[in-house]
Every structure is written in C-alpha cells, then in structure tokens.
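Colleague: In our numbering, the protein residues as written are 8 to 226.
Glycine included, C-beta positions come from ideal geometry on N, C-alpha and C.
Structure incoming, see below.
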Ligand code: FE
C-alpha cells in the first residue's frame, strides 16, 4: 500500500490496530482496503481535477457548463462522480479568490481530487480558515492574496462539495491541454495555492519534488 511511513504516528497505529481487530473478526479484508486506498491515492488522485481545469481553461463552452452544473459537465468529460453530493465549481478571478473547507468533518470531492491532503482535516485549518482566510493561507501555505481580491470561503457538507477553478497562469498561451494540466496542484484546487507558472513547474521538476503531491506533514 502506498503512503506507508517508516515511523507511524499515534493515530496511524490506532487505525492499524483497529484494522487488525476487524480483520480478525472477519469484518474487513485488508486486501480490499488496500485496493480502495490505492485507487484514491494513485488512480483518482488530483490528476482528474487537473485535467478538468486544463479543459476549462481551453474550452469556454465546457467551462460554462462546468460552472453551471459541475456534475453533468464532468459526466460528459468521462468522470463519474459516484453517489456523491452536488458538485459546485467556484472560479477564481481577478476580483475573487475562493477557498474550500469542511468545518464539520472533511467532506471533499474524492472522485475528482483523490484523497484529501492531511491539512484539510486539521482542526487549525478547519477553524481558522473561516475566521481569517487571508491570514491563514499566508501562514499555512505562503500564499499572499492581493487586496484587490475578495476571499470567499466555501464550507462543504455531505450535500454540497466544492472545488476551485484556479486562474490560468500567465505565460501559458499556446500550451496544450496536457501540459496545462501539469500546472494544476492539489492546493490550487482547494484555494490554498495558485496554479503554477511554467517556470515554477520547471524549477519543481529540477528539484525532484513532484509539485502535484500534497505537502508533507511536518512531524
Ligand atoms: Fe464534512
């Protein structure tokens, strides 16, 4: 299973213990659990979201459909959202920067963005992003939102899930959809970051850090 760490944290050990107990009682099958986790970590992942964004950047009709009825537009695009709730796509513009949170638990459009980044489930993010989003995105993610942009926070529920359509970066004219998708990070789909400029992608490639991966938890 991907994502194993050499030194598991307290909660990870508890989950392992629970999994072992449930398996012993014949209630779960570890292999089936591994398959589910792997599906979300590798096959769904944030790449689906990135493909959708790149398409929206290059196809105005698709973008309009996506903003109007996210779920139906995605179905046409070949992404099926399962039984999840209504999907709302919020567009970042020159005047609005959108941020997504689930203050109650951790609702998230898994079918499109894969597994949640760890910080999305963290109490500090969940509580403070609503109180002062401008300060929190700067402190947690180093993202400075200019005063010219209003920050709107969207609280996900079991009925409505959100994802952000980031602004298309400058210097990307003429780029193919496939190359544009590489500029879309997990953070940018939640509003915790911006889509990368081509130079940033090149720098990330040189540093050997996969830019689309969620930032590593500092523990
Ligand atoms: Fe939730």
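Applying the criterion that 16 or more other CB atoms from any shown protein chain within 10 Å of the CB defines a buried residue, is residue 128 buried or exposed?
Modeller: Exposed, since its Cβ has fewer than 16 Cβ neighbours within 10 Å.
Colleague: In chain order, what residues of the same chain have a beta carbon less than 7 Å from the beta carbon of residue 177, not counting five sequence neighbours either side?
Modeller: Same-chain partners within the cutoff: 204.
Colleague: Which same chain residues end up closer than 7 Å to residue 169 when comparing Cβ atoms and leaving out the 5 residues on each side of it in sequence?
Modeller: Correct list, in chain order: 95, 97, 107, 161, 163.
Colleague: If we ignore side chains and look at the alpha-carbon of each, how far apart do residue 65 and residue 29 end up?
Modeller: One C-alpha to the other measures close to 48 Å.
Colleague: Determine whether the beta carbon atoms of residue 172 and residue 99 lie at a separation below 8 Å.
Modeller: Their beta carbons are under 8 Å apart, which means residue 172 touches residue 99 by this criterion.
Colleague: When the Cα atoms are used, what is the spatial distance from residue 92 to residue 76?
Modeller: When rounded, the distance between both Cα atoms is 12 Å.
Colleague: Using three-state DSSP, classify residue 105 as helix, strand or coil.
Modeller: It is a strand residue.
Colleague: Am I right that residue 63 and residue 69 are in contact with their C-beta atoms under 8 Å? What's the rounded C-beta distance?
Modeller: Confirmed, about 6 Å.
Colleague: Quick check: is any heavy atom of the ligand FE less than 7 Å from the C-beta of residue 183?
Modeller: For the ligand FE, not one heavy atom lies less than 7 Å from the Cβ of residue 183.
Colleague: Return yes when the C-beta of residue 111 is under 7 Å from any heavy atom of the ligand FE, and no when it is not.
Modeller: Yes; taking the cut-off as 7 Å, the Cβ of residue 111 has a heavy atom of the ligand FE nearer than that.
Colleague: How far does the beta strand (DSSP E) with residue 170 in it reach, from first residue to last?
Modeller: Segment 167-172, the beta strand (DSSP E) holding residue 170.
Colleague: Run through DSSP, which three-state label would residue 8 get?
Modeller: The predicted position of residue 8 is uncertain, since its pLDDT is 41 and thus under 50; no value can be drawn from it.
Colleague: May I have the straight-line CA-CA distance separating residue 21 from residue 27, to the nearest angstrom?
Modeller: Between residue 21 and residue 27, the C-alpha separation is close to 10 Å.
Colleague: Which stretch, first to last residue, makes up the alpha helix (DSSP H) that contains residue 93?
Modeller: Note, residue 93: premise wrong, no alpha helix (DSSP H); beta strand (DSSP E) at 93-98.
Colleague: Quickly, what does DSSP pair residue 160 with across the bridge? List them, please.
Modeller: DSSP, once it has assigned bridges, lists 106 as partnering residue 160.
Colleague: Which of the three DSSP states, helix, strand or coil, is assigned to residue 186?
Modeller: Looking at residue 186 - three-state DSSP - the assignment turns out to be helix.
Colleague: Report, in whole angstroms, the separation of the C-beta atoms of residue 144 and residue 199, which I expect to be a contact under 8 Å.
Modeller: With 8 Å as the limit, residue 144 and residue 199 qualify as a contact, their Cβ atoms being about 6 Å apart.
Colleague: Pick helix, strand or coil for residue 65, following the three-state DSSP scheme.
Modeller: DSSP places residue 65 in helix when its eight states are reduced to three.
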